[in-house]
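The opening residue of the sequence shown carries number 1 in full-length UniProt numbering; numbering runs sequentially from there. Note that the Cβ used here is the ideal one computed from N, Cα and C, for glycine as well. Values in this document were obtained by computation on a predicted structure and should not be read as measured data.
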Amino acid sequence: MPRRRRLVKLEQGATYLGSTVDIIAVVNDVGLPKKTQGTDYCCTIRVIDETKYQTGTSINIFLRTTEAFPRFASAGDIIQLCNVMVSSFNNEINVTSYRKYSYFALFKGRDGVDFDPYQQYSPVDSTVTNIEVDINRIVDLRNWLANFQIPQVSSDFPMLREIKEGNLNLACKILHCWKAASQWFVYVWDGTDTPPNVINAMPNDEINSSLPLELEPSLPRDILRTFPRVGSILRIKFELTVETNLLSILNIDKWVKFVYLTLKVDPASRLWHGDFTTQSKIRYTPSHDCLITERQRLYNDRLLLRSGNIFIGTIPQSISNLVEVFSMTRIHHGHDYRDHSTLMCVLNHLKVPKTFKCVVRVVAIQPSQIKNLYSRAEKKYRMRLTLEDPTTRIHAFVFDKDGETLFDGYPTIANLKTKLNKLLGIMECEDNDNDVTYTPRNPPWVSVCIKSYDSKIDQRGSIIFGIYDTTLVGDA
């Protein structure tokens with residue numbers, strides 16, 4: 001049995017530099033185990049207590065296998081550490097737990113009622129029996145957690161509508177965890193829209209490689225139906241080693257804070273995603289956290305946004321000029337009075353046929369050769385558009401009369417090319433040799449009517465979609 005040492009609070013750490021102590025504290029940040037240069041793995045967590053809750057104390061835990069690391073039921077649980085070494089690095093006090101002589105035990109946090117650990121580790125086949133001082137310390141921490149909240153600045157945790165590529169923190173709600181193609185994905189949301197990205201692929205690129213709808217294989221439709229209809233859903237990719245060590249604390253429908261995520265735009269799909277690296281952490285987030293209540297309030301306010309008699313909460317937040325958006329198309333047969341829906345609403349509506357009005361970007365088209373989009377002799381259109389809004393991407397087909405309505409008849413090849421180039425955000429530039437070159441494109445937002453149909457050919461299920469009762473205005 002490990003020999004008992006001093007039970008200290010975190011602010012007392014500097015007094016015991018170079019000594020071994022016992023610590024009972026609240027787990028605030030949880031990271032990934034990573035391989036050391038030797039035979040062990042190391043996982044870094046950060047703990048807090050009532051004496052040091054702004055910065056906390058970093059704990060480095062060394063163990064032989066990843067399976068032995070703490071498997072926290074929830075961030076905010078209590079960890080007991082025995083025989084751990086106090087040291088200093090870069091003027092910061094930190095603590096090291098060694099596999100050969102340190103011990104840890106995990107207890108439920110604020111909502112816990114007993115004093116039996118739900119997980120423990122000892123270098124020998126024995127445990128430490130908690131004495132009265134240990135039990136009293138756990139009780140004190142649970143009482144403190146009941147009303148605890150770290151003062152924070154909102155700018156430290158930007159919303160999805162404010163993100164840029166690089167390392168940052170996020171406060172989000174967990175929607176789903178899924179393993180696909182040997183990769184874990186966690187789906188998160190905060191009620192705002194990620195910024196739209198420029199598209200590098202040109203129309204001819206669709207011949208060999210279609211612009212994907214998602215980063216990962218498509219989720220089952222019964223899962224998609226549980227997602228919010230408004231606001232972007234960010235995919236966060238995890239390494240497989242976190243399956244038992246970290247994902248257990250990501251409870252569905254709970255809010256959590258991610259610290260030091262790496263945000264990227266995928267070069268092929270041009271979709272946002274986050275990478276949870278060995279430097280990233282998951283932070284304890286109580287339900288009454290001020291950042292969370294602020295995001296919930298902003299989302300509720302968004303759903304009530306109006307412009308005149310029209311609800312505009314479903315309109316992409318990046319749009320600054322709605323008049324310009326609505327001037328690019330004309331919607332027929334009385335659809336103008338309807339409020340706009342998001343593509344997630346379209347994707348998840350159960351009954352068909354059904355029509356929707358949406359503000360979207362056309363990010364790809366097939367076939368890519370203009371001359372193959374329709375037959376002037378047969379007067380038949382055949383094309384597939386890839387539509388995007390902040391919530392998702394879908395394929396929408398343009399057939400026959402709907403194509404005639406969309407393009408206002410059967411224009412010449414040159415005229416049709418002009419219309420589609422503007423719709424796709426293509427800007428042609430001639431160089432000194434008169435060769436046409438293309439720059440990354442930023443498709444404009446347009447208002448369209450979408451109709452759902454019953455079919456068996458869509459990769460996400462038995463419903464397909466088409467552009468309906470919509471006309472491009474002028475050259476657009």
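- When Cβ pairs closer than 8 Å are counted between the two stretches, the stretch 201-214 is seen to touch the stretch 387-395, the count reaching three or more.
- Closest in alpha carbon position to Thr277, among Gly76, Thr44, Asn94, Asp116, is Thr44.
- Judged by DSSP secondary structure, Gly56 falls within the beta strand (DSSP E) whose first and last residues are 52-63.
- The beta-carbon distance between Asp22 and Arg6, rounded to whole angstroms, is 6 Å. This is short enough to meet the 8 Å contact definition.
- Here Thr355 is not near Cys290, since their CB atoms are 8 Å or more apart.
- For Trp189, the closest of Pro228, Cys177, Asp156, Pro158 by C-alpha to C-alpha distance is Pro228.
- Within the stretch 259-324, the complete alpha helix (DSSP H) segments at least 4 residues long are 290-303, listed from N- to C-terminus.
- Taking a C-beta distance under 8 Å as the contact criterion, Asn442 and Val198 qualify as a contact pair.
- Met427 sits exposed, since fewer than 16 C-beta atoms from the chains shown fall within 10 Å of its C-beta.
- Around the beta-carbon of Thr329, 16 or more other beta-carbon atoms lie within 10 Å, marking it buried.
- Distance check between Thr66 and each of Met159, Pro33, Asn136, Asp77 places Pro33 closest, using alpha-carbon atoms only.
- Scanning Gln369, Ile61, Arg137, Pro70 for the CA closest to the CA of Met85 turns up Ile61.
- Every unbroken stretch of the alpha helix (DSSP H) spanning 4 or more residues and falling wholly within the stretch 197-257 is given here in chain order: 221-224.
- Per DSSP, the continuous beta strand (DSSP E) segment holding Val21 begins and ends at 20-30.
- In the three-state reduction of the DSSP assignment, Met159 falls in the coil class.
- Excluding sequence positions up to five before and after Ile93, its CB lies within less than 7 Å of the CB of Gly13, Ala14, Thr57, Val86, all in the same chain and listed in chain order.
- Taking the Cβ atoms as the reference, Gly231 lies roughly 22 Å from Thr262, outside the contact range of under 8 Å.
- Here Glu378 carries a coil assignment [DSSP, helix/strand/coil].
- The Cβ atoms of Ala171 and Phe157 sit closer than 8 Å to each other.
- Here Met383 is bridged, per DSSP, to Val398.
- DSSP places Val473 outside both helix and strand once states are collapsed to three, so it counts as coil.
- With distances taken between CA atoms, Lys357 lies nearest to Leu387 out of Ser269, Lys380, Leu387, Gln369.
- For Lys417, there is no enclosing beta strand (DSSP E); the enclosing alpha helix (DSSP H) has its first and last residue at 413-424.
- Cα atoms of Ser122 and Ala364: separation of roughly 58 Å, rounded to the nearest angstrom.
- By the neighbour-count definition (other C-beta atoms within 10 Å, threshold 16), Ser341 is a buried residue.
- Secondary structure note for Arg46: its beta strand (DSSP E) is the uninterrupted segment 41-49.
- It is roughly 20 Å from the alpha-carbon of Val139 to the alpha-carbon of Ser287.
- For Asp140, no beta strand (DSSP E) segment is defined; the enclosing uninterrupted segment is the alpha helix (DSSP H) at 132-145.
- Going by C-alpha positions, Asn28 is about 52 Å away from Tyr468.
- Remark: C-beta atoms of Asp77 and Lys108 approach each other more closely than 8 Å.
- In the three-state reduction of the DSSP assignment, Thr439 falls in the coil class.
- Within the DSSP secondary-structure output, Asn94 pairs in a beta bridge with Ser58, Ser87.
- Only buried fits Pro70, as 16 or more other CB atoms lie within 10 angstroms of its CB.
- By DSSP's assignment, Thr329 forms a beta bridge with Leu472.
- Going by DSSP, Leu343 is part of the alpha helix (DSSP H) stretching over 343-348.
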